[in-house]
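Peer 1: Take a look at this one; I'll ask things after.
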Amino acid sequence: MTGSNSNSTCTAAAKVNKHARSKSTNNCSSPSSDSTGAESAPSGSANNASRSSGEEEKDGGVLFYVNKSGFPIDSQTWERMWTHVAKIHPEGKEMADRIRIAAYLPKPPVLSVPNFRPSMSVLDWLLVIQNYMKMLQYNHTGTQFFEIRKTRPLSGLMETAREMIRESLPIKCLEAVILGIYLTNGLTSVERFPISFKTQFSGNYFHHVVLGVYCNGRYGSLGMSRRPDLMDKPLAFRTLSELIFEFEDSYRKYLHTVKKVKIGLYVPHDPHVFQPIEWKYLVLTSSRVAHEEMRKEMEKHARDMRMKILKSSTAQSPIKERRGKSLSPRRRQASPQRRQVHKRDKSPATIDRKPAELSTLNDVGYQIRI
Amino acid sequence: MEPACRKDRQKQKETPNRGDNGKAKQKSAQQELKQRQRAEIYALNKVMTELEQQQFEAFCKQMQSQGE
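The listed protein sequences derive, respectively, from chains A and B. Residue numbers 149 to 518, in our numbering, belong to the letters of the first sequence in order. Residue numbers 179 to 246, in our numbering, belong to the letters of the second sequence in order.
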């Protein structure tokens, strides 16, 4: 993964970018691209194996693939998955063959979708959802099984969530966010919004996303990660910034430096809404000096969200389900300016230095992926 | 009725059933394939999760020893 061109590491103040137009799809450490783990092939084929199509993406420097063939997985994607793991695993093809030719393999139970009961509290329900995702397991195979295009309408992503439940397979962080949204749609007292992180470790950049939740004055999160303290957080944080800083603290344990935090807008509870999710309404480029400023910006954003005065730049009036009648779409609202605060950087030009994290690589260049 | 017509009619009656059977078999085969794939995926995920855990632990130990 190429390093960032920004000189944000040496700026004196936090850079707050509120104009960020989302292009990155970010799925547990992948570089910016239009779709998580795969850019749409121009030909529109279900599973373009051409490298030039961007089918493969990098997760902090390590390749991962995306299944675009549906289920059952087609042979091309299937073989690619096995070839990929055989390259990674020390036992290589031998490991792969042991599984592939096994006459008997344990049959993992298909998990039942969690059912909300009126007697359950919000906390209970969030716990049930998180446990369900944990039971699906984090996907370490190197092939993402569900294609998530972040720019898709919410309704389409909810269909993918249903597929995730139906197929019951391991998932990664972005899939967990979509699934979390789907499973909390019925809880109108719980607001959901995406929180994305860009971090650096040993010269590589990593991307991760969790689903922030807000209910009754408290913030928390749902999600999936390789690291248990970078996914779900209890609904106990009194402010948004407390939650974000908690993530920053957790990242430090894994020697990751948070470079950017992107906070989206509340996701509508109506699963049929056509508008896409707003992934990064507020973008904060961190620096040590501007911690307080970051906190203020986050609190302002949180306040604005609670007061429901923010609208996504891609927001459209929800289009009601058409039942044989043609409804002309309402005129699109003028895209409001995303919050952008430009601060003139008066600090002297700094020389890019090699990140200190490079010294933390071990002999085989192990990367602590998130 | 001409015998040929009767035969045609019989064939018409039989063909939908054969088609249905064929589709059912195909569907069943697909289901089996999905189940097998799912079993392999979880078996593979177990192996790769363990690998990641081992590598992470080894890395942490190395960091500790470097610190000392």
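Glycine included, C-beta positions come from ideal geometry on N, C-alpha and C.
Could you say which of B/Thr227, B/Gln242 and B/Asn199 lies nearest to A/Ile236 if we only look at CA atoms?
Peer 2: Along the first sequence, one-based indexing puts residue 236 of chain A at 88. If we check each option's Cα against that of A/Ile236, B/Thr227 comes out closest.
Peer 1: Candidates A/Met283, A/Arg366 and A/Pro301: which alpha carbon is nearest A/Ser373's?
Peer 2: On the first sequence, position 225 is the one that residue 373 of chain A refers to. The shortest Cα separation from A/Ser373 among A/Met283, A/Arg366 and A/Pro301 belongs to A/Met283.
Peer 1: Anyone know if the C-beta pair for A/Met455 and A/Leu388 falls short of 9 Å?
Peer 2: As a working note, residue 455 of chain A is residue 307 in the first sequence. As a working note, residue 388 of chain A is residue 240 in the first sequence. No, Cβ-Cβ distance for A/Met455 and A/Leu388 is not below 9 Å.
Peer 1: Would B/Glu230 count as contacting chain A if we go by Cβ distances under 9 Å?
Peer 2: Counting from one through the second sequence, the residue named residue 230 of chain B turns up at place 52. Chain A, which has a Cβ nearer than 9 Å to the Cβ of B/Glu230, makes this yes.
Peer 1: Output yes or no for whether 9 Å exceeds the beta carbon distance between A/Glu390 and A/Cys363.
Peer 2: Indexing the first sequence from 1 puts residue 390 of chain A at position 242. Indexing the first sequence from 1 puts residue 363 of chain A at position 215. Not closer than 9 Å, so no.
Peer 1: If you follow the beta strand (DSSP E) that A/Tyr399 is part of, which residue opens it and which one closes it?
Peer 2: Along the first sequence, read from residue 1 onward, the residue named residue 399 of chain A stands at position 251. Per DSSP, A/Tyr399 belongs to no beta strand (DSSP E); it is in the alpha helix (DSSP H), Leu388 to Lys401.
Peer 1: When you check each C-beta in the region 323-350 of chain A against every C-beta of chain B, which residues fall closer than 8 Å?
Peer 2: Residues passing the 8 Å Cβ filter: none.
Peer 1: State the CB to CB distance for the pair A/Ile319 and A/Met379, rounded to an integer number of angstroms; the pair is presumed to be in contact (CB under 8 Å).
Peer 2: Along the first sequence, one-based indexing puts residue 319 of chain A at 171. Along the first sequence, one-based indexing puts residue 379 of chain A at 231. That pair is no contact at about 11 Å.
Peer 1: How would you label A/Leu259, buried or exposed, when you count the other beta carbons within 10 angstroms and need 16 or more for buried?
Peer 2: If you number the first sequence from 1, residue 259 of chain A lands on position 111. Its Cβ having fewer than 16 others within 10 Å, A/Leu259 is exposed.
Peer 1: Measure how close the beta-carbons of A/Gln515 and A/Val210 come, nearest whole angstrom, since I'm counting them as under 8 Å.
Peer 2: Against the first sequence, residue 515 of chain A aligns to sequence position 367. Against the first sequence, residue 210 of chain A aligns to sequence position 62. Indeed, because the Cβ distance is near 7 Å, the residues count as touching under 8 Å.
Peer 1: Going by DSSP, name the residue or residues bridged to B/Phe234.
Peer 2: Indexing the second sequence from 1 puts residue 234 of chain B at position 56. In DSSP, B/Phe234 forms no bridge with anything.
Peer 1: Assuming A/Ile249 and A/Gly328 make a contact with CB atoms under 8 Å, what is their CB distance in whole Å?
Peer 2: Position 101 of the first sequence, counted from the start, is the residue given in the question as residue 249 of chain A. Position 180 of the first sequence, counted from the start, is the residue given in the question as residue 328 of chain A. Between A/Gly328 and A/Ile249 the Cβ distance is about 37 Å, and since that is not below 8 Å, they are no contact.
Peer 1: Using a C-beta to C-beta distance shorter than 8 Å, which residues of chain B count as neighbours of A/His237?
Peer 2: Against the first sequence, residue 237 of chain A aligns to sequence position 89. Within chain B, the residues near A/His237 are Val225, Met226 and Leu229.
Peer 1: Identify the residues that DSSP records as bridge partners of A/His356: which are they?
Peer 2: The residue given as residue 356 of chain A occupies position 208 in the first sequence. According to DSSP, which records beta bridges pairwise, A/His356 is partnered with A/Phe345.
Peer 1: From A/Glu440 to A/Lys410, what does the alpha carbon distance come to, in whole angstroms?
Peer 2: The count along the first sequence starts at 1 and reaches residue 440 of chain A at position 292. The count along the first sequence starts at 1 and reaches residue 410 of chain A at position 262. The alpha-carbon atoms of A/Glu440 and A/Lys410 are separated by roughly 17 Å.
Peer 1: Classify B/Ala207: buried if its beta carbon has 16 or more other beta carbons within 10 angstroms, exposed otherwise.
Peer 2: Translated into positions along the second sequence, residue 207 of chain B becomes position 29. The residue is exposed, with fewer than 16 neighbouring Cβ atoms inside 10 Å.
Peer 1: Is there a C-beta anywhere in chain B that falls below 9 Å from the one on A/Arg310?
Peer 2: In the first sequence, counting from the first residue as 1, residue 310 of chain A sits at position 162. No, its Cβ sits nowhere closer than 9 Å to a Cβ of chain B.
Peer 1: Could you give the distance in angstroms between the alpha-carbon of A/Phe395 and the alpha-carbon of A/Pro266?
Peer 2: Along the first sequence, read from residue 1 onward, the residue named residue 395 of chain A stands at position 247. Along the first sequence, read from residue 1 onward, the residue named residue 266 of chain A stands at position 118. Distance between the alpha carbons of A/Phe395 and A/Pro266: 31 Å.
Peer 1: What residues from the region 263-294 of chain A come within 7 Å of chain B, judged by C-beta to C-beta, listed N to C?
Peer 2: Going along the region 263-294 of chain A in chain order, one finds Gln285, Asn287, His288 and Thr289 with a Cβ nearer than 7 Å to chain B.
Peer 1: Report the residue from A/Leu317, A/Glu295, A/Trp273 and A/Tyr399 whose alpha carbon sits nearest the alpha carbon of A/Asn333.
Peer 2: For the purposes of this step, residue 333 of chain A is taken as the residue at position 185 of the first sequence. It is A/Trp273 whose Cα lies nearest to the Cα of A/Asn333.
Peer 1: Flag B/Gln213 as yes if its beta-carbon sits less than 9 Å from any beta-carbon of chain A, otherwise no.
Peer 2: Position 35 of the second sequence, counted from the start, is the residue given in the question as residue 213 of chain B. At least one chain A Cβ lies under 9 Å of B/Gln213.
Peer 1: Going along the region 245-256 of chain A in order, which residues come within less than 8 Å of chain B, judged by CB to CB distance?
Peer 2: Against chain B - using a Cβ distance shorter than 8 Å - the residues of the region 245-256 of chain A are Ile247, Arg248, Ala250, Leu253, Pro254, Lys255 and Pro256.
Peer 1: Would you mind telling me which residues of chain B sit closer than 7 Å to A/Phe219, beta carbon to beta carbon, in chain order?
Peer 2: In the first sequence, the residue the question calls residue 219 of chain A occupies position 71. Ordered by position in chain B, the residues that pass the 7 Å Cβ test against A/Phe219 are Lys212.
Peer 1: Quick check on DSSP: helix, strand or coil for A/Ala250?
Peer 2: Position 102 of the first sequence, counted from the start, is the residue given in the question as residue 250 of chain A. Correct three-state label for A/Ala250: coil.
Peer 1: Please report how far the alpha carbon of B/Leu222 lies from the alpha carbon of A/Met442, in whole angstroms.
Peer 2: Walking along the second sequence from the start, residue 222 of chain B turns up at place 44. Walking along the first sequence from the start, residue 442 of chain A turns up at place 294. About 42 Å.
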